[in-house]
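Undergrad: One structure, as structure tokens, below. Some questions next.
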Amino acid sequence: MNKPQFSLPIRNSVTNYHTNQKAILTSIDSSFEIVESQLEDIVKICNQDGVYDWLFNVNLEGNAYTLEKAQSFADHCQKSWDEMSSFKFWLLEDKRVVAALDIKSDNLESAEVGYWADANTPGYMTNALNELCNIASAAGYRSLYTLIRPANIASRNLAERAGFDYQGYIKENDKKYCKYTRTLTS
Numbered sequence: 002m003n004k005p006q007f008s009l010p011i012r013n014s015v016t017n018y019h020t021n022q023k024a025i026l027t028s029i030d031s032s033f034e035i036v037e038s039q040l041e042d043i044v045k046i047c048n049q050d051g052v053y054d055w056l057f058n059v060n061l062e063g064n065a066y067t068l069e070k071a072q073s074f075a076d077h078c079q080k081s082w083d084e085m086s087s088f089k090f091w092l093l094e095d096k097r098v099v100a101a102l103d104i105k106s107d108n109l110e111s112a113e114v115g116y117w118a119d120a121n122t123p124g125y126m127t128n129a130l131n132e133l134c135n136i137a138s139a140a141g142y143r144s145l146y147t148l149i150r151p152a153n154i155a156s157r158n159l160a161e162r163a164g165f166d167y168q169g170y171i172k173e174n175d176k177k178y179c180k181y182t183r184t185l186t187s
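If you're matching positions, the sequence shown starts at 2 in this note's numbering and goes up one per residue.
What follows is the structure, given as structure tokens:
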């Protein structure tokens, strides 16, 4: 099986739609030096109602997302690049983490993407997701998809703004998701 062909490190500019501020979509590979303030950014974002409720509430059994959890996430980001198994990116505005996006597998035919973002820094995510698609296309991916809970309207709208097409409902792990797919061109 062919593997994605990334040119590391990846540091691609993303423009905020509202402010024209620039952020950098950054591969969190072993060349990236993670600092504690970035882990603190992750803790703050992952404890925000929207992110926490959709992604962490069940697994953390209502407990807060901690600095230790952020460190474990950061370690996993770098390890997954080393293994070429999944590909994590952070969106950095003035070195602060304002979002995370990932390609969840090395399956070039069709790979899942995921994302979360700081509710206090709106305006980046459509451009960031589009840039992730550009990076994936250049690496050899042919299609990306995302699975979104039906009630997560903000995430569904984001997927549509970024050119993902609604494919219908699917069931995975006893949960219902809306599947969105985007075909990539190289």
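Note that beta-carbon positions come from the ideal geometry of N, C-alpha and C, so glycine has one too.
#1: Going by DSSP in three states, THR147 sits in which element: helix, strand or coil?
#2: Give the straight-line distance between the Cα atoms of LEU130 and ARG143, rounded to the nearest whole angstrom.
#3: DSSP three-state call for ILE237: helix, strand or coil?
#4: Got a sec? Which residues, its chain only, sit under 7 angstroms from PHE57 by beta carbon, not counting five neighbours each side?
#5: May I ask you to list the residues that DSSP assigns as paired with VAL36?
#6: Who are the Cβ neighbours of GLU94 in its own chain at under 6 angstroms, not counting the five residues just before and after it?
#7: Identify whether LYS4 lies in helix, strand or coil by the three-state DSSP scheme.
#8: Taking the straight line between their C-alpha atoms, what separation do you get for MET126 and SER81?
#9: Give the list of continuous beta strand (DSSP E) stretches no shorter than 3 residues that lie fully inside the segment 88–137.
#10: Rounding to the nearest angstrom, what Cα-Cα distance links PHE7 and ASN153 in this structure?
#11: With a threshold of 8 angstroms (Cβ to nearest heavy atom), would ALA140 be considered close to the ligand FMN?
#12: Below 9 angstroms between beta carbons: does that hold for ILE104 and ILE11?
#13: For LEU185, name the three-state secondary structure that DSSP assigns.
#14: Would LEU9 pass as a contact of TRP91 if the rule is Cβ separation under 9 angstroms?
#15: Only counting the same chain, and skipping five residues up and downstream in sequence, which positions put a Cβ closer than 8 angstroms to that of LEU185?
#16: Given this structure, state the Cα-to-Cα distance separating VAL52 from LEU148, to the nearest angstrom.
#17: Buried or exposed: which applies to ASP166, given that a residue is buried once 16 or more other Cβ atoms fall within 10 Å of its Cβ?
#18: With DSSP as the reference, label ASP76 as helix, strand or coil.
#19: For ALA71 and ALA112, what's the separation of their Cα atoms in angstroms?
TA: Taking the geometry as given:
#1: The sequence position of residue 147 within the sequence shown is 146, counting from 1. Three-state DSSP puts THR147 in a strand.
#2: In the sequence shown, the residue the question calls residue 130 occupies position 129. In the sequence shown, the residue the question calls residue 143 occupies position 142. Between LEU130 and ARG143, the C-alpha separation is close to 15 angstroms.
#3: In the structure as shown, the chain begins at 2 and stops at 187. Residue 237 is therefore absent and cannot be evaluated.
#4: Position 56 of the sequence shown, counted from the start, is the residue given in the question as residue 57. Cβ neighbours of PHE57 beyond the five flanking positions: CYS47 and TYR66.
#5: As a first step, residue 36 is located in the sequence shown; it is residue number 35 there, counting from the start. VAL36 pairs with nothing; no bridge assigned.
#6: Position 93 of the sequence shown, counted from the first residue, corresponds to residue 94. Only ALA24 meet the Cβ criterion.
#7: Walking along the sequence shown from the start, residue 4 turns up at place 3. Residue state, collapsed to three classes: coil.
#8: In the sequence shown, the residue the question calls residue 126 occupies position 125. In the sequence shown, the residue the question calls residue 81 occupies position 80. Near 23 angstroms, if we compare the C-alpha coordinates of SER81 and MET126.
#9: The DSSP assignment places complete beta strand (DSSP E) segments of no fewer than 3 residues inside the segment 88–137 at 88–94, 97–104 and 112–118, in order along the chain.
#10: Sequence index remark: in the sequence shown, residue 7 carries index 6 (1-based). Sequence index remark: in the sequence shown, residue 153 carries index 152 (1-based). Going from the Cα of PHE7 to the Cα of ASN153 covers about 31 angstroms.
#11: The model on display carries no ligand, and the ligand FMN is accordingly not part of it.
#12: Mapped onto the sequence shown, residue 104 falls at position 103. Mapped onto the sequence shown, residue 11 falls at position 10. In this structure, ILE11 does not lie closer than 9 angstroms to ILE104 by Cβ.
#13: Sequence index remark: in the sequence shown, residue 185 carries index 184 (1-based). DSSP places LEU185 in coil when its eight states are reduced to three.
#14: Residue mapping note: residue 9 aligns to position 8 of the sequence shown, counting from 1. Residue mapping note: residue 91 aligns to position 90 of the sequence shown, counting from 1. For LEU9 and TRP91, no; Cβs fall outside 9 angstroms.
#15: Taking the first residue of the sequence shown as position 1, residue 185 is located at position 184. The beta carbon of LEU185 is closer than 8 angstroms to those of CYS134, ALA137, SER138, TYR142, ARG143, SER144 and LEU145 in its chain, skipping five residues each way along the sequence.
#16: Here residue 52 refers to the residue found at position 51 of the sequence shown. Here residue 148 refers to the residue found at position 147 of the sequence shown. Their Cα atoms are separated by approximately 15 angstroms.
#17: On the sequence shown, residue 166 is found 165 positions in, with the first residue counted as 1. Label assigned to ASP166: exposed.
#18: Counting from one through the sequence shown, the residue named residue 76 turns up at place 75. Note: ASP76 maps to helix in three-state DSSP.
#19: The residue labelled residue 71 in the question sits at position 70 within the sequence shown. The residue labelled residue 112 in the question sits at position 111 within the sequence shown. C-alpha separation (whole angstroms): 24 angstroms.
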